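Asker: Quick one: the structure is below, questions incoming.
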Amino acid sequence: MKIDEAKPKLARNWKFTIPFDEKFQNETHEIHIEFIGFSDELIEEDALSFYLEPLPADENAEEKAKFEIREDKDGNKLKLTLVTAENPYYYRDVAEYLQNDFGKIGVELEIKTLNLQDFLYTVQHREYDILLYGQNLGYNLDIYEFFHESQVGKDNLSDYQNPKASILIEEIRSSHVQDVRDKKLQELREVFKSDIPAIFLFSPRYLYYYDAHIENLGIRFIAFHKDRFSHIDNAYILKTESFTDDISWIDFPRWFTNNFISFITFSL
């Protein structure tokens, strides 16, 4: 391939740009270079060989290309760092969804997925712009540690401080009347909607499979994994027994005694 460029008048070396397109990918190419003197004579010639590999396909390339990241007057892009943990595995998927949504509003979101030790260190030292994590609030929905102003610098990970919210959290925590708790929770919800100390994304649903022959297992609302065994003592399986060819009615008393005793033992 000969480069057809205008010859310089004062020098024998110059820079030039070679346009690349798809035909240059995934094979070896050679560029033939000629050095022409001031008298139009050929002084030297050489060749440059190179191999180009195609770039790995980016499934989100088209989507990312649509995003126009905001920049300040100095050309610095608006970039935030989202930190999350390796487990559960779906945190990474959620982070990528958020990355896409932030891109739509002109924010570049960098995702850092950390192991448990590094994650806890990062949280403790507040080395994040956005933190993606989950928390089980149990049956009483107690959020004192996470949003009360006295817990700033501890488990209040957004360092949220609002006296009204703190009072509501205390009242919810101390009340045992469900109607009162529900009313206070609704008031606290409105405060959170105004301040946005955190964005509550979703509550995962866990499915537990069990044999259809098991009766009265009692699985209803479960706040903790272990609660699926809360009513296991009431569960039972209906089983029908029948005589086989090698057992006659003469053996019935012995059969009945063995099974009856087994049943009594199980019930105790």
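Under this note's numbering, the first residue of the sequence shown carries the number 158, and numbering increases by one thereafter.
Ideal Cβ positions, reconstructed from N, Cα and C, are used throughout, including at glycine.
Note that the structure is a prediction, hence the values are computed from the model and not measured.
Over the uninterrupted alpha helix (DSSP H) stretch that includes E253, give me the two end residues.
Answerer: Locating residue 253 in the sequence shown gives position 96, counting from the first residue. From DSSP, the alpha helix (DSSP H) with E253 extends over Y247 to K261.
Asker: Pick out whichever of Y290, F224 and E265 has its Cα sitting closest to the Cα of P361.
Answerer: Here residue 361 corresponds to residue number 204 of the sequence shown, with the count starting at 1. That would be Y290, whose Cα lies nearest to the Cα of P361.
Asker: State the Cα-Cα distance for the pair K164 and E187, rounded to the nearest angstrom.
Answerer: Mapped onto the sequence shown, residue 164 falls at position 7. Mapped onto the sequence shown, residue 187 falls at position 30. Unreliable placement is indicated for K164, whose pLDDT of 48 sits below 50; the coordinate value is still reported in the next sentence. Approximately 21 Å between the Cα atoms of the pair.
Asker: When burial is assigned at 16 or more other CB atoms within 10 Å of the CB, is N391 buried or exposed?
Answerer: Your numbering for residue 391 matches position 234 in the sequence shown. By the neighbour-count rule (16 or more Cβ atoms within 10 Å), N391 is not buried but exposed.
Asker: Quick check on DSSP: helix, strand or coil for E328?
Answerer: One-based indexing of the sequence shown puts residue 328 at position 171. Residue state, collapsed to three classes: helix.
Asker: Hey, could you find the ends of the alpha helix (DSSP H) E302 is sitting in?
Answerer: For the purposes of this step, residue 302 is identified with residue 145 of the sequence shown, where counting begins at 1. Where E302 is concerned, the enclosing alpha helix (DSSP H) stretches over Y301 to F304.
Asker: N313: buried (16+ other C-beta within 10 angstroms of its C-beta) or exposed?
Answerer: Numbered from 1 along the sequence shown, position 156 holds the residue referred to as residue 313. Buried is the call here.
Asker: How long is the line joining the alpha carbons of I193 and S206, rounded to whole angstroms?
Answerer: On the sequence shown, residue 193 is found 36 positions in, with the first residue counted as 1. On the sequence shown, residue 206 is found 49 positions in, with the first residue counted as 1. C-alpha separation (whole angstroms): 21 Å.
Asker: Terminal residues of the continuous beta strand (DSSP E) containing K236?
Answerer: Here residue 236 refers to the residue found at position 79 when the sequence shown is read from its first residue. Per DSSP, K236 belongs to the beta strand (DSSP E) from K236 to A242.
Asker: Does DSSP classify L374 as helix, strand or coil?
Answerer: Locating residue 374 in the sequence shown gives position 217, counting from the first residue. Three-state result, L374: coil.
Asker: Please check the pair G260 and L235, which I expect to be a contact at CB under 8 Å, by giving their CB distance rounded to whole angstroms.
Answerer: Here residue 260 corresponds to residue number 103 of the sequence shown, with the count starting at 1. Here residue 235 corresponds to residue number 78 of the sequence shown, with the count starting at 1. So it is not a contact: roughly 11 Å between Cβ atoms.
Asker: Let me know the secondary structure DSSP gives D203 once reduced to three states.
Answerer: Numbered from 1 along the sequence shown, position 46 holds the residue referred to as residue 203. In this structure, D203 counts as strand in the three-state DSSP scheme.
Asker: Under 7 Å between the Cβ atoms of Q256 and L266?
Answerer: Translated into positions along the sequence shown, residue 256 becomes position 99. Translated into positions along the sequence shown, residue 266 becomes position 109. For Q256 and L266, yes; Cβs fall inside 7 Å.
Asker: Do you know offhand how far D336's Cα is from S315's?
Answerer: In the sequence shown, residue 336 corresponds to position 179, counting from 1. In the sequence shown, residue 315 corresponds to position 158, counting from 1. Cα-Cα distance, rounded: 29 Å.
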